[in-house]
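Worksheet for the structure shown next.
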Ligand code: SF4
Ligand code: SF4
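Residue numbers (our numbering), protein chains in the order written: chain C, 1 to 293; chain B, 294 to 496.
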């Protein structure tokens with residue numbers, strides 16, 4: 001006798017089930033983590049101490065705050081460092097903590113001091129881990145097939161670089177940062193390249209998710225045909241990638257401050273929503289889907 | 294020693310006696326169920342069949358919930374039980390999204406302050422809810438408190454009127470669970486996830 005397995009809400013019915021616990025605040029933590037660490041990394045290379053400081057603060061206040069608000073027992077957050085040997089959350093907390101210590105210590109030193117470089121390099125490594133660990137965290141969960149793909153960390157890395165580059169462009173056009181001529185020429189092209197790369201990665205991710213089994217297919221359907229299709233295509237893809245790409249091409253390297261602000265807002269909206277929606281469409285497999293009862 | 298359970302789907306009548314027994318044993322408030330029986334409808338009208346699938350934590354040998362837990366609150370005992378130390382859990386719910394069986398329950402802040410009759414709790418609720426904490430994740434404990442007292446059956450097994458649940462040592466080849474798995478071909482749920490569950494279903 002055939003079984004058609006539904007996506008269920010009711011407590012006592014077998015079927016695919018959407019995960020309900022990781023949503024807005026976790027998406028915010030992912031968002032701030034990636035934008036802040038991306039900005040920090042970019043600012044180290046430019047270099048811009050203000051950019052480094054803002055990057056650190058975005059991670060500390062934005063990411064740290066969102067996690068703190070999310071935890072059921074926030075004052076036990078320090079316990080989350082106990083098992084870095086197997087838990088990506090523990091690794092992320094360590095990376096975030098060390099990034100803060102090394103980053104703020106580096107900023108407190110003059111640029112030429114002997115410790116400045118080692119501390120900055122260490123902070124950049126930690127920032128890189130902060131940028132990508134959520135991807136590994138999602139990949140390491142076998143329960144939700146659409147997350148369980150090797151593209152997740154790659155996507156996190158590229159979104160982090162894109163967020164960082166966008167923030168640098170924004171801060172430069174608003175007069176908070178000064179770039180050398182070389183970087184003034186490179187950054188708009190880097191932004192364009194990253195937008196195209198992110199668009200390609202999202203497309204590859206979607207194609208890959210069709211083949212992640214029946215629960216992955218359910219997630220895919222929710223994302224592209226179901227209740228999340230409108231925000232996905234309009235905000236995550238339309239505003240976040242296509243609009244920003246077209247605007248960046250149209251405005252070129254000499255865009256006005258207002259245009260850059262618009263591109264920044266659009267990019268950040270897309271960045272938030274892509275991860276928010278990917279969390280929302282996480283679907284568990286039915287426990288006994290295999291049984292021919 | 295590895296405790297496990299065999300669930301005979303042919304015997305289960307879907308009465309939810311196990312669900313109620315578990316709630317009463319553990320003093321679980323509204324909406325908190327360590328075990329329950331799911332309805333699975335198959336076939337097409339007029340040839341429709343309803344099957345019952347009892348679910349609970351599988352106390353997996355290779356438990357993803359334990360692997361992802363950053364605090365060490367989720368741990369494994371020598372006898373195979375996967376348990377949560379309520380005092381260590383910070384409520385990050387990584388285990389919730391890592392459990393392929395969706396068998397973990399997050400107790401929202403304030404959840405254990407409301408009983409079945411509202412904010413005014415019965416004496417039973419007052420005593421039993423004090424054993425829980427809100428803001429953390431809980432799940433089936435395979436009645437570890439009963440095992441520690443020397444009892445040989447979990448509350449759901451003892452209550453099941455159809456004898457659909459059998460509890461025992463999977464490492465003992467002569468235990469009833471091992472013999473049933475051998476003779477009837479017990480199947481572990483979602484074994485493709487490499488979790489090696491300690492629950493076997495007979496169909
Ligand atoms: S069933 Fe879920 S909660 Fe239970 S041990 Fe396995 S992974 Fe952990
Ligand atoms: S919610 Fe508690 S038991 Fe679950 S992973 Fe987080 S700390 Fe561990």
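C-beta atoms are modelled at their ideal positions from N, C-alpha and C, and glycine is treated no differently.
Based on DSSP bridge pairs, tell me the residues matched to residue 411/B. Residue numbering aside, residue 411/B sits at position 118 when the second chain is read from its first letter. 408/B.
Residue of 262/C, 163/C and 32/C minimising C-alpha distance to residue 60/C: To locate residue 60/C, count along the first chain from 1; it is residue 60. Residue 60/C has its Cα closest to that of 32/C, out of 262/C, 163/C and 32/C.
Can you name the residues of chain C whose CB is closer than 7 Å to the CB of residue 483/B? Working through the second chain from its first residue, we reach residue 483/B at position 190. Counting only Cβ-Cβ distances below 7 Å, residue 483/B has contacts in chain C at 285 and 287, in chain order.
Does the Cβ-Cβ distance between residue 303/B and residue 496/B come in under 9 Å? Looking up residue 303/B in the second chain gives position 10. Looking up residue 496/B in the second chain gives position 203. In this structure, residue 496/B lies closer than 9 Å to residue 303/B by Cβ.
Can a CB atom of chain C be found closer than 9 Å to the CB of residue 451/B? As a working mapping, residue 451/B is identified with position 158 in the second chain. Not closer than 9 Å to any Cβ of chain C, the Cβ of residue 451/B fails to qualify, so no.
Neighbouring residues, chain B, relative to residue 207/C (Cβ below 9 Å): Stepping through the first chain from its first residue, residue 207/C is reached at position 207. Going along chain B, no residue has its Cβ under 9 Å from residue 207/C, so there is no contact; the nearest lies around 22 Å.
Sub-9 Å separation of residue 381/B and residue 76/C beta-carbons: As a first step, residue 381/B must be located in the second chain, where it is residue number 88. As a first step, residue 76/C must be located in the first chain, where it is residue number 76. The Cβ-Cβ distance between residue 381/B and residue 76/C falls below 9 Å.
Given that a residue counts as buried once 16 or more other Cβ atoms are within 10 Å of its Cβ, and exposed if not, what is residue 103/C? Counted from its first residue, the first chain places residue 103/C at position 103. Buried: at least 16 other Cβ atoms inside 10 Å.
Tell me the DSSP secondary structure of residue 344/B in three-state form. Here residue 344/B refers to the residue found at position 51 of the second chain. DSSP, read as helix, strand or coil, puts residue 344/B in strand.
Write down the C-beta distance between residue 357/B and residue 141/C rounded to the nearest angstrom, noting that I regard them as a contact closer than 8 Å. For the purposes of this step, residue 357/B is taken as the residue at position 64 of the second chain. For the purposes of this step, residue 141/C is taken as the residue at position 141 of the first chain. Right, their Cβ atoms sit about 7 Å apart.
Verify the contact flag: residue 81/C, CB atom, against every heavy atom of ligand 2, threshold strictly below 8 Å. Translated into the one-based positions of the first chain, residue 81/C becomes position 81. No, Cβ of residue 81/C sits at least 8 Å from all heavy atoms of ligand 2.
How long is the line joining the alpha carbons of residue 22/C and residue 158/C, rounded to whole angstroms? Counting from one through the first chain, the residue named residue 22/C turns up at place 22. Counting from one through the first chain, the residue named residue 158/C turns up at place 158. Residue 22/C and residue 158/C have their C-alpha atoms roughly 22 Å apart.
Where does residue 146/C sit, in a helix, a strand or coil, going by DSSP? As a working note, residue 146/C is residue 146 in the first chain. Three-state result, residue 146/C: coil.
Under a CB-based cut-off of 9 Å, is residue 28/C close to chain B? In the first chain, the residue the question calls residue 28/C occupies position 28. Closer than 9 Å: no.
If we call anything under 9 Å between Cβ atoms a contact, is residue 43/C one with residue 54/C? Counting from 1 along the first chain, the entry for residue 43/C is found at position 43. Counting from 1 along the first chain, the entry for residue 54/C is found at position 54. In contact: residue 43/C and residue 54/C (Cβ atoms closer than 9 Å).
Kindly examine ligand 1 and report whether one of its heavy atoms sits closer than 8 Å to the Cβ of residue 14/C. Numbered from its first residue, the first chain carries residue 14/C at position 14. Result no, Cβ not under 8 Å from ligand 1.
Residue environment, residue 371/B, which counts as buried when at least 16 other CB atoms sit within 10 Å: Start at 1 with the first residue of the second chain, and residue 371/B comes out as number 78. Label assigned to residue 371/B: exposed.
Could you tell me which whole alpha helix (DSSP H) segments of length 4 or greater appear in the segment 226-262 of chain C? 244-251
Could you pull out every residue in the same chain whose Cβ sits closer than 6 Å to the Cβ of residue 96/C, ignoring the five residues on either side in sequence? Against the first chain, residue 96/C aligns to sequence position 96. Excluding sequence neighbours, residue 96/C sits near 130.
Inter-residue Cα distance where the pair is residue 193/C and residue 274/C: Position 193 of the first chain, counted from the first residue, corresponds to residue 193/C. Position 274 of the first chain, counted from the first residue, corresponds to residue 274/C. Near 19 Å, if we compare the C-alpha coordinates of residue 274/C and residue 193/C.
Could you have a look at residue 377/B and say whether DSSP puts it in helix, strand or coil? Looking up residue 377/B in the second chain gives position 84. Here residue 377/B sits in strand by DSSP.
Within 9 Å of chain C by C-beta, residues of the segment 330-341 of chain B in sequence order: 330, 331, 332, 333, 334, 335, 336, 337, 340 and 341
Contact list for the segment 224-240 of chain C against chain B, Cβ threshold 9 Å: From the segment 224-240 of chain C, no residue has a Cβ closer than 9 Å to chain B.
Please classify residue 493/B: does DSSP put it in a helix, a strand, or coil? As a first step, residue 493/B is located in the second chain; it is residue number 200 there, counting from the start. DSSP places residue 493/B in strand when its eight states are reduced to three.
Name the DSSP beta bridge partners of residue 367/B, please? The residue given as residue 367/B occupies position 74 in the second chain. Bridge partners of residue 367/B: 377/B.
Got a sec: is the Cβ-Cβ distance from residue 402/B to anything in chain C below 9 Å? On the second chain, position 109 is the one that residue 402/B refers to. So yes, residue 402/B belongs to the interface.
Kindly examine ligand 1 and report whether one of its heavy atoms sits closer than 8 Å to the Cβ of residue 394/B. Within the second chain, residue 394/B is the residue found at index 101, counting from 1. At least one heavy atom of ligand 1 is nearer than 8 Å to the Cβ of residue 394/B, so yes.
Please compile the residues from chain C whose C-beta is within a distance smaller than 8 Å of the C-beta of residue 454/B. Position 161 of the second chain, counted from the first residue, corresponds to residue 454/B. Simply none; closest approach about 18 Å.
On the three-state DSSP scale, how would you describe residue 11/C? As a working note, residue 11/C is residue 11 in the first chain. If DSSP states are grouped into helix, strand and coil, residue 11/C belongs with coil.
Please classify residue 320/B: does DSSP put it in a helix, a strand, or coil? Along the second chain, one-based indexing puts residue 320/B at 27. Here residue 320/B sits in coil by DSSP.
Taking C-alpha atoms, which residue in 361/B, 401/B, 369/B and 408/B lies nearest to residue 388/B? The residue labelled residue 388/B in the question sits at position 95 within the second chain. Here the closest residue by C-alpha is 361/B.
Would you identify the three-state DSSP class for residue 266/C, choosing helix, strand or coil? Residue mapping note: residue 266/C aligns to position 266 of the first chain, counting from 1. Reduced to three states, the DSSP call for residue 266/C is helix.
With a cut-off of 9 Å, does the C-beta of residue 180/C fall near any C-beta of chain B? Counting from one through the first chain, the residue named residue 180/C turns up at place 180. Put simply, the CB of residue 180/C is far from chain B, with every gap to its CB atoms at 9 Å or more.
Label residue 317/B either buried or exposed according to how many other C-beta atoms from any shown protein chain fall within 10 Å of its C-beta, with 16 as the threshold for buried. Residue mapping note: residue 317/B aligns to position 24 of the second chain, counting from 1. Exposed, since its Cβ has fewer than 16 Cβ neighbours within 10 Å.
Check each residue of the segment 119-150 of chain C: if its Cβ is closer than 9 Å to any Cβ of chain B, include it; give the result in chain order. Of all residues in the segment 119-150 of chain C, only 137, 138, 140, 141, 142, 143, 144 and 147 come within less than 9 Å of chain B when Cβ atoms are compared, listed by chain position.
Cross-chain neighbours of residue 13/C in chain B, by beta carbon under 9 Å: As a working mapping, residue 13/C is identified with position 13 in the first chain. Within 9 Å Cβ-Cβ: 331, 332, 333 and 334.
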